[in-house]
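Residue numbers (my numbering): 19 to 353. Here is the structure we will look at, set down as structure tokens.
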Amino acid sequence: MMKVPTSKAILFFVLSVLLSLVSWATAYADLNDFLQCLPKFSESSYPIIETIYTQKNTSFQYVLNAYIKNRRYSTPTIPKSMAIIAAMHESHVQATVVCAKQHALHITIWSGGHDYEGLSYVSSVPFIILDVFNLRSIEINVTYESSWVQAGATAGELYYKIAEKSKVHGFPAGVCPTVATGGLISGGGYGPTMRKFGLSADNIEDAKLVNVNGTILDRNAMGEDLFWAIRGGGGASFGVILSWKIKLVRVPAKVTVFNVTRSIEQGALDVLYRWQYVAPKLPKNTYIRATSQVSNGEGKKKAVEVSFSGHFLGQIYELLRLINESFPSSKTASK
Ligand SMILES: Cc1cc2nc3c(=O)[nH]c(=O)nc-3n(C[C@H](O)[C@H](O)[C@H](O)COP(=O)(O)OP(=O)(O)OC[C@H]3O[C@@H](n4cnc5c(N)ncnc54)[C@H](O)[C@@H]3O)c2cc1C
């Protein structure tokens, strides 16, 4: 039987809607003051006006959609930000933080847009997106085996830049090339070389962060507690990460990657069973992950299959020897 809402429930609902409308209307009134505040706190040689997209701007929707990776959060009913500040210079980040604080506006921080819950571009209260995707320079210093990477640079861009300068260096980060270092490293950052080198966050030597007062702090200025917190605690909880100084790790010039998929009929369960005991005990330069997925089986019947993706810091003949010793049944399974 359908439940009829009580008059109290209806009143509560109407009041909530009214309050929400009032709060958005007040925020829109503050938006102009906020926008006028921005040039006062940013460097005049980098006009911040060119980085502002309000909902009246014809490019607003395009800029918003460009980095939304979870399409559930781009539907019309999802609240949209009042404006996007696509920072081109560090001072734009400082100005956005200072002016948002002065005008009591909420900001979300956006680098690569891969947040599973849309936290970088969705909010239930009126908000502005501070987008740092334009801050994406990467300076590699092979002599010191380190690199300064801006928060908007993606993992793929970082891998590419390192490979351009050195064939025997790398950085332990994720498998997805479009994830940005801003969100990736501040959340930890796991990937195929983590068994040997740890998380991305374990390989950070310094960072530049804009704090709530709009001040740029490096490791020395922020202190070890904050430096510890931003490496895994979610950057947005503590400030805006401008850049990371990462430690490059030494890798062989040639590595081996593979992906083997098995259906249930092909013995996926046997291999999976054995994988859980063997994979954690393999040498640290070896990483095999297992993911299960639904596939179209015979006659388009849905079936389950398991993929084993591997990364080995060495050459294929060494890997084959290792796999044959650790998974003797894999010879049968791979027939
Ligand atoms: C397809 C896909 C594949 C993935 N693969 C991996 C993987 O292999 N390994 C792995 O570790 N993770 C992986 N992830 C998870 C991903 O690393 C996290 O979601 C990460 O937070 C995304 O960072 P982003 O900058 O791209 O996303 P965003 O949505 O821009 O940001 C994510 C979070 O970080 C905050 N943030 C972003 N930039 C800054 C900044 N400059 N300063 C402060 N806070 C900031 C945001 O406010 C938000 O809370 C994957 C995600 C997806 C969608």
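Just so you know, even glycine gets a beta-carbon here, dropped at the ideal spot from N, CA and C.
Looking only at GLU323, PHE256, LYS119 and LEU153, the smallest Cα-Cα distance to ASP243 is reached by PHE256. Residue pairing for PHE215: DSSP places it in no beta bridge.
Counting the other CB atoms within 10 Å of its CB gives GLN294 a total below 16, which places it among the exposed residues. When distances are taken from the beta-carbon of VAL115 to the heavy atoms of ligand 1, even the shortest one reaches 7 angstroms or more. GLN168 sits buried, since 16 or more C-beta atoms from the chains shown fall within 10 Å of its C-beta. Under DSSP, ASP51 takes part in no beta bridge, so it has no partner. Nearest Cα to ALA225 within the set THR233, ILE264 and GLY285: ILE264.
Inclusion of LEU148 and VAL258 in the CB contact set at 8 angstroms is warranted, their separation being smaller than that value. DSSP, read as helix, strand or coil, puts GLU336 in helix. Between LYS320 and ILE66, the alpha-carbon positions lie close to 53 angstroms from each other.
In the DSSP assignment, LYS265 falls outside any alpha helix (DSSP H) and lies within the beta strand (DSSP E) extending over 258-265.
About 18 angstroms separates the beta carbons of ILE234 and GLN120, which is beyond the 8 angstroms limit, so they are not a contact pair.
Across the set SER141, LYS185 and THR199, the C-alpha of THR199 shows the shortest separation from the C-alpha of GLU175. Taking VAL269 as the centre and dropping the five residues before and after it, the same chain places the C-beta of VAL186, HIS187, GLY188 and LEU331 closer than 7 angstroms to its C-beta, in chain order. Secondary structure at ASN277: strand, using DSSP grouped into helix, strand and coil.
Between ligand 1 and the CB of THR211, the shortest heavy atom gap is not smaller than 7 angstroms.
Inter-segment contact for the segment 57-74 and the segment 89-105 is present: three or more beta-carbon pairs are separated by less than 8 angstroms. With a cut-off of 7 angstroms, the C-beta of LEU337 is classified as distant from ligand 1, since no heavy atom of the ligand falls inside that distance. One Cα belongs to HIS107, the other to LYS179, and the distance between them is close to 21 angstroms. Excluding five sequence positions before and after THR172, the CB atoms of its chain that fall closer than 8 angstroms to its own CB belong to GLY130, ARG154, PRO195, THR196, VAL197, ALA198 and THR199, given in chain order. By the C-beta criterion, the segment 270-286 is judged not to be in contact with the segment 213-231, since fewer than 3 inter-stretch pairs fall below 8 angstroms. Comparing alpha carbon positions, the residue from ALA84, ILE86, LEU123 and CYS117 closest to TYR46 is LEU123. Look at VAL230: its beta carbon is at least 7 angstroms from all of the heavy atoms in ligand 1. Burial state of ARG280 is buried, judged by a 10 Å Cβ sphere holding 16 or more other Cβ atoms. Between TYR305 and THR161, the beta carbon gap of about 29 angstroms keeps them out of contact (Cβ cut-off 8 angstroms). In the DSSP assignment, ASP220 forms no beta bridge with any residue. If you ignore the 5 residues before and after GLY136, its C-beta comes within less than 8 angstroms of the C-beta of ILE86, ASN88, ARG90, TYR91 and ILE96, all in its own chain and listed in chain order. If the five residues before and after PHE145 are omitted, its C-beta is found closer than 6 angstroms to the C-beta atoms of SER99, HIS124 and THR126, all from its own chain and listed in chain order. Burial check for PRO190: the Cβ neighbour count within 10 Å reaches 16 or more, so the residue is buried. The C-beta of TYR291 has fewer than 16 other C-beta atoms within 10 Å across all chains shown, which makes the residue exposed. The C-beta distance from TYR177 to GLY192 rounds to 10 angstroms, too long to fall under 8 angstroms, and the pair is not in contact. The beta carbon of VAL296 sits closer than 7 angstroms to the beta carbons of SER344 and PHE345 from its chain, once the five residues preceding and following it are set aside; these are given in chain order. Counted as a single uninterrupted DSSP element, the beta strand (DSSP E) harbouring LYS320 occupies residues 320-330. In this model, ILE282 and LYS214 are separated by some 31 angstroms (Cα to Cα).
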